[in-house]
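Take the sequence shown: its position 68, counting from 1, is numbered 378 in my numbering, and each next residue is one higher.
Using N, Cα and C, we set each Cβ at its ideal position, and we do this for glycine too.
For clarity, every value in this text was computed on a predicted model and none was experimentally measured.
Here is the structure we will look at.
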Amino acid sequence: MALAKLLLALACTVSSAVAFSTDPLRELPESNNCPSCGKTMRIHCNGNTTTAKVVDKCKGCAGDSIDVTKAVFGDLADLNLGRVQVTWEWA
311 MALAKLLLAL ACTVSSAVAF STDPLRELPE SNNCPSCGKT MRIHCNGNTT TAKVVDKCKG
371 CAGDSIDVTK AVFGDLADLN LGRVQVTWEW A
């Protein structure tokens with residue numbers, strides 16, 4: 311499943327924005343002192359689920375939005391949709 315995917319960004323509030331990387335060997339960004347870094351999240355959409363680790367905070371993301379890579383989005387929904395409603399919890 312998506313356990314190997316790394317979360318690149320999570321705004322530091324519970325209703326936040328996230329971005330994922332599918333390459334665990336890729337150089338990761340700075341954590342920006344986000345207290346959520348290191349936590350694992352489970353994201354759900356239309357009966358699909360993917361999991362990722364938080365490694366950074368997203369500075370320019372809307373308060374209740376999730377922003378993911380194509381690989382993670384593809385785990386959850388058709389890429390052509392562009393935006394979808396999701397739910398998530400700490401894993």
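Item to check | Inter-residue Cα distance where the pair is F383 and C355 | outcome: Counted from its first residue, the sequence shown places residue 383 at position 73. Counted from its first residue, the sequence shown places residue 355 at position 45. Each residue's Cα considered, the two are about 9 Å apart.
Item to check | Backbone secondary structure at A381 - three-state DSSP | outcome: The count along the sequence shown starts at 1 and reaches residue 381 at position 71. It is helical.
Checklist entry - Should P345 be flagged as near chain C, meaning a C-beta pair shorter than 9 Å? => result In summary, chain C is missing from the structure at hand, where a single protein chain is found.
Checklist entry - Secondary structure at N390, three-state DSSP: helix, strand or coil? => result As a position in the sequence shown, residue 390 is number 80, starting the count at 1. In the structure shown, N390 adopts helical secondary structure according to DSSP, grouped into three states.
Item to check | Delimiting residues of the beta strand (DSSP E) encompassing V364 | outcome: Position 54 of the sequence shown, counting from 1, holds the residue named residue 364. Looking at the DSSP string, the run of the beta strand (DSSP E) that includes V364 is 358-364.
Next on the checklist: Relative to the C-alpha of K363, which candidate in A381, N390, G348, T397 has its C-alpha closest?
Outcome noted: For the purposes of this step, residue 363 is identified with residue 53 of the sequence shown, where counting begins at 1. The residue with the shortest Cα to Cα distance from K363 is G348.
Next on the checklist: Is it buried or exposed, W398, if we count other Cβ atoms within 10 angstroms and call 16 or more buried?
Outcome noted: Along the sequence shown, one-based indexing puts residue 398 at 88. Counting the other CB atoms within 10 Å of its CB gives W398 a total of 16 or more, which places it among the buried residues.
Checklist entry - When the Cα atoms are used, what is the spatial distance from T360 to L391? => result Locating residue 360 in the sequence shown gives position 50, where the first residue counts as 1. Locating residue 391 in the sequence shown gives position 81, where the first residue counts as 1. Straight across, the Cα-Cα distance linking T360 with L391 is about 17 Å.
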